[in-house]
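Read through the structure below, which is laid out as structure tokens, and then see the notes.
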Ligand SMILES: Cc1ncc(C[n+]2csc(CCOP(=O)(O)OP(=O)(O)O)c2C)c(N)n1
Ligand SMILES: Cc1ncc(C[n+]2csc(CCOP(=O)(O)OP(=O)(O)O)c2C)c(N)n1
Ligand SMILES: [Mg+2]
Ligand SMILES: [Mg+2]
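Protein chains in written order, with the working numbering: chain A, 1 to 328; chain B, 1001 to 1328; chain C, 2001 to 2323; chain D, 3001 to 3323.
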């Protein structure tokens, strides 16, 4: 499936925005203004942009937690400043400042998060089940990392999705790492998508640094799913060029990761640079357009930060919180 | 791999014994003399005999729970009367009458059971891990049904076993049913062993009514595993010709199962009759030998029953039990 | 009129399902082998509601629990059947850590109307996973309501309340009560969660019990009636728990025995005892006594009937607090 | 002599690992990313013990827990690292229902010497799964010992006791104490499980606390020293729990405040309160008070420091029971 020029520009702009936000999040956490964790996205954000790009508002999505799903959500059209505010513990936070790193956009069918990696899998079964039950035509975008496919929950989700032919995309952002382990030490094969075949689920492997390849894969996967063919598995190969989470070590097993290799990846595999080169070569955008898009993205990131800082810290009383556990 | 005549006779004798014990268990539970559940084996006991037949005392085995693993255990050389006594709540029970349907033969490396189907998978990882850690040369025989492969625990076990090249046989006794569901309604493909390939684990599918085919598969699988090639998956196709558990319905989904089909299976697919025919044709045994083996098996079953009934009911005091929770 | 109509507890639950599924298309059920009906509470539901609303799943408890949560987020109202409640431990994170906490942690914007059901209870000689009563564990985790009926009447009414509740509810029943018969009105009624019920009035001592143990308590009350006047309070719901009714009863009797079939340590009985310490200390004429499952795994064999709170153990405790 | 040698709590735990792994070849560790050392307690252990004794696993908590159980059945002595203790819910059945019950249910013939470790605790602003303290849940389930040190000294000694214990032990520590420094002897010593420790003597009121909350309690004791003489008892181990030491303390002080960072309902504090009701009723001059995490999910954001038992809340409770 091929992309229109307009689609390419939107994808490019969103990737620029996501990468600017990722940098802003890093500034904010380093400045001690964030509560909780942050897991830098770095050069791994093209798959997230592609995952969100072609979904309708009603299509449930579970964003991969890397870069805390900012790429996925903004690409889906969500105003993420409320989520960033959540990271800063503010009243404007999408979870009222109660969660630090959970998102909640129920109207956009992004329902939340869990600190337990792998929690996405069973929930996505529910989204797909509901779509089928309601005959709503919704599709499910279930994003997570290669490491998450260690959890047996992925098996139960692949099984149920295949068995019930649920409209779900298993979208794997495979950066070859899981915390401080190399995935090749955790999984006995080159691609975790090799799991799909056991359930009769089709799969594809895509270059995760190529924004447009990811987007084409997303279009193809969604078409498959929307046609009622049941689930599909897309594995986007990408890279982690920094530590797992801010402040942690950057090891694989007992060994430090090779800083030169990571520097090289950073330089040669930047998806925004690769996409810009393509758009220039194809004459879809000029260098000026590109510079403008990048500048806009930086400005937006600054505005988001300012918005969050302007919101007061959320400090509800215990009584208020006790009243919020159940709904009446 | 081919079997010697002596091996065939042992296998045949053990199948006769297991089937006689299975019938005895049914008599006992119907007479109200058993505590807890019983899940009849019926014509599905050949795979269990094969699974246990070529293991050393030191090789850990998790018996499939159908017919409560009696076939597996007696084939491995365990004196199962203590386990039957457990079912009758007796002091002679292998768990001191505390468990109803758990076995415990730690010296035979059969460590116990759990009422949670799928509990075998993670435990077998531990057995295999320990074998590798100790460089003991032990192999693990991990038996369960096709339904159990719904549980995500199988994924974690297949993954870890493949990743660490653990010496483990995933031995699946696929009777096409799981409680009151047909496995074809629960799994999107003809063989659950299709899961193995996703982990690079080799697999084979065997006729579970053919005792000698099962035994040859076991030999082959064990050879693979003992040579350090990592895990292997063996799926034995068999049949359930009665309800899931004594006293329950015999349905698949909302429909009753076809009694004629089951009657036909019972008549034409009895593994003992099929094996007897082979042994007669190959002149390994005479009809007299066969009759003698069957009569011995019946007598043994009666003796086991009598042994259990002679043992007093286990009724320890709460204080005694409280002292037995921890070891000093 | 059918004021004498008797149903089993399972039939009463089934009737609640049927009425609520008719009333609300968003209600559906999922579980292992519920179409055939492992237990009579789901028997033949497919005939009326079809296999798309009465859904058999693979053996996959995390998938089942997640399916219920996700479907609830998408606007459905799942009834999730764990068969034996002890199997819910396979989905420990979903059931105990996520389901009840999702709403609050995400800004209390989107409740999860899920009913989880399962049978449980000691005394069936099957031990451990098939007996374990997970309510002690459930009440420890914020956000999950939990109840257990003692009668078919309460079963139907509580189940309707649970299905209509917008929060996750863990609805348990005792395996030994499944075939227990009692009066069940045909008409629509609800027994609200969080309201205890005085199953027998008395003035000397209060027994707080639930499920099967209400019947043990009633037996003891009857046996002692010429010596000690026993009030039997059926908790019915563990969370929310009706502390007010209990305190009112203690105000009258000044003595309390809590009967709880779950493991004693850190269970519901401990919580009630601590609450009475905090809110009813001055009402008491004797320390509260617990009669629970001892702190040993639920044994199978013939033993388990000796470890559950028997009438003898309850009577002994009643006599002790009345000394 | 190194009587002044100070280590962090993590270093103290690491030292216990090193000494016990040297002593006993059957001891090994497994967990996610422990080779690199997600936390300093496993830092560089591979250098001495190799990757076959310090084993990184896939993200697969049931596999990890089962691996530990199976390896223990086969004669090894695993230390299973859940990283954050809340991740253990993914293996709910193995950890809470199976591990502690296997021995008893199988005739008490074959104990399972497993140590499970994990960090936990409120106040890091990360919420829920990363904060949840599973000891309230653990004590409810027979067969698992559970402890949590408040000092590096206790950490090393308790860890050695846990590793040498033949039963499953859940060994927790508070995330905020990982870098807490204190005296740790170089020599081999053991702090037995089931022995509480009086961290400060007093005569007017007893505070029972553990982990980080021992330090909050000590702060309160110091602050109130001219008004109220506070005795601080560190439970150290939740199961077995040293009731005798607590009752001896109450005998002296006649008043008790229990500080427990876990969810209040059905937790450790409830259990202790119930036990004091049963065994120390006549010793009390005031009802026992609990200061716990309120019955709400652990929030993240800036809020979580307000929901944990702060010094202010503890002081208030102390003043109340002393009124
Ligand atoms: C159940 C559970 N186990 C472990 C963790 C700790 N943890 C957080 S992220 C992570 C690695 C995830 O790897 P992957 O899915 O590949 O995502 P990536 O970080 O590589 O983008 C781990 C182990 C967790 N949060 N939850
Ligand atoms: C965790 C868990 N879920 C459900 C059950 C109920 N159950 C017991 S046996 C069984 C079917 C198992 O099917 P299979 O593994 O194919 O074995 P079979 O009975 O067919 O031999 C089920 C669903 C259980 N015991 N444990
Ligand atoms: Mg990864
Ligand atoms: Mg089967």
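We put the beta carbon where it would ideally sit given N, CA and C, even for glycine. None of the values given here were measured: they were computed from a predicted structure.
Regarding residue 1072 (chain B) and ligand 2, is the C-beta to nearest heavy atom distance less than 7 Å? Stepping through the second chain from its first residue, residue 1072 (chain B) is reached at position 72. No; taking the cut-off as 7 Å, the Cβ of residue 1072 (chain B) has no heavy atom of ligand 2 nearer than that.
Please classify residue 3189 (chain D) as buried or exposed, where buried requires at least 16 neighbouring CB atoms within 10 angstroms. Locating residue 3189 (chain D) in the fourth chain gives position 189, counting from the first residue. Classification for residue 3189 (chain D): exposed.
Would you grab the beta carbon distance between residue 125 (chain A) and residue 161 (chain A) for me? Rounded to a whole angstrom, and I think it's under 8 Å. By 1-based counting over the first chain, the position of residue 125 (chain A) is 125. By 1-based counting over the first chain, the position of residue 161 (chain A) is 161. Contact holds; Cβ gap of about 6 Å.
Can you tell me the Cβ-Cβ gap for residue 2191 (chain C) and residue 2157 (chain C), rounded? I've got them flagged as a contact below 8 Å. The residue given as residue 2191 (chain C) occupies position 191 in the third chain. The residue given as residue 2157 (chain C) occupies position 157 in the third chain. Rounded, the Cβ-Cβ distance is 3 Å, consistent with contact.
So what does DSSP say about residue 3080 (chain D), is it helix, strand or coil? In the fourth chain, residue 3080 (chain D) corresponds to position 80, counting from 1. Looking at residue 3080 (chain D) - three-state DSSP - the assignment turns out to be strand.
Pairwise C-alpha distance: residue 2044 (chain C) and residue 2001 (chain C): Counting from 1 along the third chain, the entry for residue 2001 (chain C) is found at position 1. Counting from 1 along the third chain, the entry for residue 2044 (chain C) is found at position 44. With a pLDDT of only 45 at residue 2001 (chain C), under the threshold of 50, the placement of this residue in the model should not be trusted; the figure read from the coordinates follows. About 26 Å.
Any Cβ of chain A within less than 8 Å of the Cβ of residue 1188 (chain B)? Working through the second chain from its first residue, we reach residue 1188 (chain B) at position 188. By this cut-off, residue 1188 (chain B) is an interface position.
Any non-hydrogen atom of ligand 4 within 7 Å of residue 1174 (chain B) CB: Counting from 1 along the second chain, the entry for residue 1174 (chain B) is found at position 174. Yes; taking the cut-off as 7 Å, the Cβ of residue 1174 (chain B) has a heavy atom of ligand 4 nearer than that.
Would you check whether ligand 1 has a heavy atom nearer than 7 Å to the C-beta of residue 145 (chain A)? Taking the first chain and counting its residues from 1, one reaches residue 145 (chain A) at position 145. Yes, ligand 1 has a heavy atom inside 7 Å of this Cβ.
Heavy atom of ligand 2 less than 7 Å from the Cβ of residue 1177 (chain B), yes or no? Along the second chain, read from residue 1 onward, the residue named residue 1177 (chain B) stands at position 177. Checking the Cβ of residue 1177 (chain B) against ligand 2 gives yes.
Same chain, Cβ closer than 6 Å to residue 113 (chain A), five either side skipped, listed in chain order: Translated into positions along the first chain, residue 113 (chain A) becomes position 113. Cβ neighbours of residue 113 (chain A) beyond the five flanking positions: 102, 103.
Taking only beta-carbon positions, decide if residue 1122 (chain B) is within less than 8 Å of chain D. Taking the second chain and counting its residues from 1, the one referred to as residue 1122 (chain B) is at position 122. At least one chain D Cβ lies under 8 Å of residue 1122 (chain B).
Neighbour list for residue 159 (chain A) in chain C, Cβ cutoff strictly below 8 Å: In the first chain, the residue the question calls residue 159 (chain A) occupies position 159. Within chain C, the residues near residue 159 (chain A) are 2058, 2060, 2063.
Whole-Å CB distance - residue 49 (chain A) paired with residue 5 (chain A), under 8 Å assumed: As a position in the first chain, residue 49 (chain A) is number 49, starting the count at 1. As a position in the first chain, residue 5 (chain A) is number 5, starting the count at 1. So it is not a contact: roughly 16 Å between Cβ atoms.
Helix, strand or coil at residue 2200 (chain C) according to DSSP, with G and I counted as helix: Position 200 of the third chain holds residue 2200 (chain C). Strand.
Closer than 9 Å by beta-carbon distance: list the chain B residues that pair up with residue 3017 (chain D), in chain order. Reading the fourth chain from its first residue, position 17 is the one you call residue 3017 (chain D). Those within 9 Å of residue 3017 (chain D) in chain B number zero; the least Cβ separation is about 17 Å.
Indicate the three-state DSSP secondary structure (helix, strand or coil) for residue 2001 (chain C) in the structure shown. By 1-based counting over the third chain, the position of residue 2001 (chain C) is 1. Bear in mind that a pLDDT of 45 at residue 2001 (chain C), under 50, signals an unreliable position, so the model cannot answer this.
Using a beta-carbon distance cut-off of less than 8 Å, what residues from the region 1127–1156 of chain B approach chain A? 1150, 1151, 1152, 1153, 1154, 1155, 1156
Just to check, is the beta-carbon of residue 2117 (chain C) closer than 7 Å to a non-hydrogen atom of ligand 3? Within the third chain, numbered from 1, the residue matching residue 2117 (chain C) stands at position 117. No, the beta carbon of residue 2117 (chain C) sits no closer than 7 Å to any heavy atom of ligand 3.
On the DSSP bridge list, what partners appear for residue 3007 (chain D)? Walking along the fourth chain from the start, residue 3007 (chain D) turns up at place 7. Looking at the DSSP assignment, residue 3007 (chain D) forms a beta bridge with D:3182.
Please decide whether residue 2140 (chain C) counts as near chain A, where near means a Cβ-Cβ distance under 8 Å. One-based indexing of the third chain puts residue 2140 (chain C) at position 140. No - not a single Cβ of chain A is within 8 Å of the one on residue 2140 (chain C).
Tell me which residues of the region 2125–2140 of chain C have at least one Cβ-Cβ distance to chain D shorter than 8 Å, keeping chain order. 2127, 2128, 2129, 2132, 2136, 2137, 2139, 2140
For residue 109 (chain A) versus residue 67 (chain A), is the C-beta spacing smaller than 8 Å? In the first chain, counting from the first residue as 1, residue 109 (chain A) sits at position 109. In the first chain, counting from the first residue as 1, residue 67 (chain A) sits at position 67. Not in contact: residue 109 (chain A) and residue 67 (chain A) (Cβ atoms no closer than 8 Å).
Candidates A:281, A:328, A:256, of which the one nearest residue 3037 (chain D) by Cα: Position 37 of the fourth chain, counted from the start, is the residue given in the question as residue 3037 (chain D). Checking every option, the nearest Cα to that of residue 3037 (chain D) belongs to A:256.
Mind checking if residue 1170 (chain B) is an interface residue toward chain A, Cβ cutoff 8 Å exclusive? Position 170 of the second chain, counting from 1, holds the residue named residue 1170 (chain B). Not one chain A Cβ lies under 8 Å of residue 1170 (chain B).
Kindly give me the distance between the Cβ atoms of residue 2074 (chain C) and residue 130 (chain A), rounded to whole angstroms, as I take these residues to be in contact under 8 Å. Translated into the one-based positions of the third chain, residue 2074 (chain C) becomes position 74. Translated into the one-based positions of the first chain, residue 130 (chain A) becomes position 130. That pair is a contact at about 3 Å.
Whole beta strand (DSSP E) runs in the region 178–253 of chain A with 3 or more residues, listed along the chain? 203–207, 232–237
Run through DSSP, which three-state label would residue 151 (chain A) get? One-based indexing of the first chain puts residue 151 (chain A) at position 151. DSSP places residue 151 (chain A) in coil when its eight states are reduced to three.
Per-residue DSSP class, three states only, for residue 2239 (chain C): Your numbering for residue 2239 (chain C) matches position 239 in the third chain. Residue state, collapsed to three classes: strand.
I need the DSSP call for residue 3303 (chain D), collapsed to helix, strand or coil. For the purposes of this step, residue 3303 (chain D) is taken as the residue at position 303 of the fourth chain. Residue 3303 (chain D): helix per DSSP, three-state reduction.
When the Cα of residue 2282 (chain C) is compared with those of C:2293, C:2254, C:2301, which residue comes out closest? Along the third chain, one-based indexing puts residue 2282 (chain C) at 282. It is C:2254 whose Cα lies nearest to the Cα of residue 2282 (chain C).
Where does residue 2029 (chain C) fall in DSSP's three states? Taking the first residue of the third chain as position 1, residue 2029 (chain C) is located at position 29. Residue state, collapsed to three classes: strand.
Should residue 3293 (chain D) and residue 3316 (chain D) be called a contact, given that it needs their Cβ atoms to be closer than 8 Å? Taking the first residue of the fourth chain as 1, we reach residue 3293 (chain D) at position 293. Taking the first residue of the fourth chain as 1, we reach residue 3316 (chain D) at position 316. Cβ atoms of residue 3293 (chain D) and residue 3316 (chain D): not closer than 8 Å.
Simplified DSSP state of residue 3174 (chain D), which is helix, strand or coil: As a working mapping, residue 3174 (chain D) is identified with position 174 in the fourth chain. DSSP places residue 3174 (chain D) in strand when its eight states are reduced to three.
When you compare each of C:2296, C:2013, C:2053 to residue 3101 (chain D) by their alpha carbons, which one comes out closest? Here residue 3101 (chain D) refers to the residue found at position 101 of the fourth chain. Comparing Cα positions, the closest option is C:2296.
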